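Please read the structure below before turning to the comments.
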Amino acid sequence: KTRTFFFYYFILFLFLDQIEKAESIYIPLILFYSVAPSDAGKRSNILKESLSKTLTHFYPYAGRVKDSFTIDCNDEGAIYMEAQVATDMSTVFKEPESTNLLLPLLPCDPLGRFSEPSAKVMVAIQVSFFACGGITICACVDHVVADVAATATFLKIWAAVACGANDIDNDLICNRTSVCPSLDLSGFWKQFVDENKDKKVLTKRLLFDGSKIASLRNEIGNGLCSYRLSRFEAVSALIWSAIMSTTTKKDETFPMVTVTVNLRNRTNPPFPQFHNNVLEISSTWYWWNHRWRRRLIVAF
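According to mature numbering (1 follows the signal peptide of the UniProt record, and there is no 0), the residues represented by the sequence shown are -24 to -1, 1 to 276, in order.
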């Protein structure tokens, strides 16, 4: 049950502020579990009961969008559904470049299209049981209330509750208006949508083996870097170098890579308990310049 003084939750972003509800999207995260067949009914009860308890720590997630700035924390709850998959989990990984195989594992349209905006839920969960005994748990959280880091925190706390934990961190900050006042960036968002709505979008899924990433980190670290790169840095460098290698002087466009950066531990003081969207978008452009190109290739 939502506490009375949190009945209305004001949507607040550090970067993407005041997104129109028709333009919001879901952040889908899928967890894969390879387990032996067991009592699916018992597992379902644990997941549903623990989800209900977890939502009490994330009260906006159980509400509904009221307008472009407000979520009504009316305790209408989240969507929870289950599916039986008549194949093995390995089928999902046979075509790594295809994202279509993942769509049936999602509980809703990731673009957030609903016939009635007021009917749009903040959280939708789908648990899929595969014939091999494997399980996937997909959580779709509306970007209005969470970024990827916040969604991951939600899943971690849900997992802890499902395992019987009682000492859940109650220091989560969902109402941040006193710390980060809201800014009117609606004009920026409209311009961004107008500039990109007619562009063709291609989605690719890349799978990297853990041992290969470890080898890549060691290779880059041998004389090229003064410190050991993280997995993200190593993979990002590999992708970026591949993009640069395909660019020539004749190209009329310049490649750009954008990465979302979690700002929770980068603020002063840090606010790891901040929920909602606490991020910035970092962009890198590449212009054809022989001097800088050589340096970049050496670096990567």
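Just so you know, even glycine gets a beta-carbon here, dropped at the ideal spot from N, CA and C.
Everything numeric in this text was worked out from a predicted model, so none of it was measured.
query	result
Per DSSP, cross-strand counterpart(s) of Val235	Ser258
Ser187 versus Arg207, Lys175, Leu31, residue with shortest Cα-Cα distance	Arg207
For Asp51 and Leu205, the rounded distance between their alpha carbons	44 Å
Own chain residues within Cβ distance below 7 Å of Ser26, not counting five before or after	Trp134, Val137, Ala138
Three-way DSSP call (helix, strand, coil) for Val11 in this model	coil
Ala107 - DSSP class collapsed to helix/strand/coil	coil
Residue from Tyr2, Ser104, Val237 whose Cα sits closest to the Cα of Val11	Ser104
Sufficient close CB pairs (3 or more, under 8 Å) joining the region 116 to 133 to the region 58 to 78	no
Cβ pair Leu78, Val68 closer than 8 Å	yes
Nonlocal neighbours in the same chain, by C-beta distance under 6 Å from Glu(-2), ignoring five residues either side	Because Glu(-2) sits at a pLDDT of 49, beneath the cut-off of 50, its placement in the model cannot be relied upon, and the following sentence gives the value as read from the coordinates. Nothing meets the Cβ criterion.
Residues bridged to Met57 (per DSSP)	Gln102
When Pro36, Phe8, Asn241 are compared against Ile47, the one with the closest alpha-carbon	Pro36
Whole-angstrom C-beta distance between Asn253 and Asp123, which should lie under 8 Å	4 Å
Cutoff 8 Å; reference Tyr9; Cβ partners in own chain excluding five residues on either side	Gly110, Ile111, Thr112, Ile113
Cutoff 6 Å; reference Val235; Cβ partners in own chain excluding five residues on either side	Ser258
Simplified DSSP assignment, three categories, for Phe67	Going by the sequence as given, residue 67 is Thr instead of Phe. Looking at Thr67 - three-state DSSP - the assignment turns out to be helix.
Buried/exposed call for Pro4, threshold 16 Cβ in 10 Å	buried
heavy atom of the ligand ZN below 7 Å from Ala126 C-beta	Of the ligands one can find in the structure shown there are none, so the ligand ZN has no counterpart to examine.
The alpha helix (DSSP H) enclosing Lys132, as first and last residue numbers	124 to 138
Element boundaries [alpha helix (DSSP H), containing Asn50]	No alpha helix (DSSP H) contains Asn50, which DSSP labels as neither H nor E.
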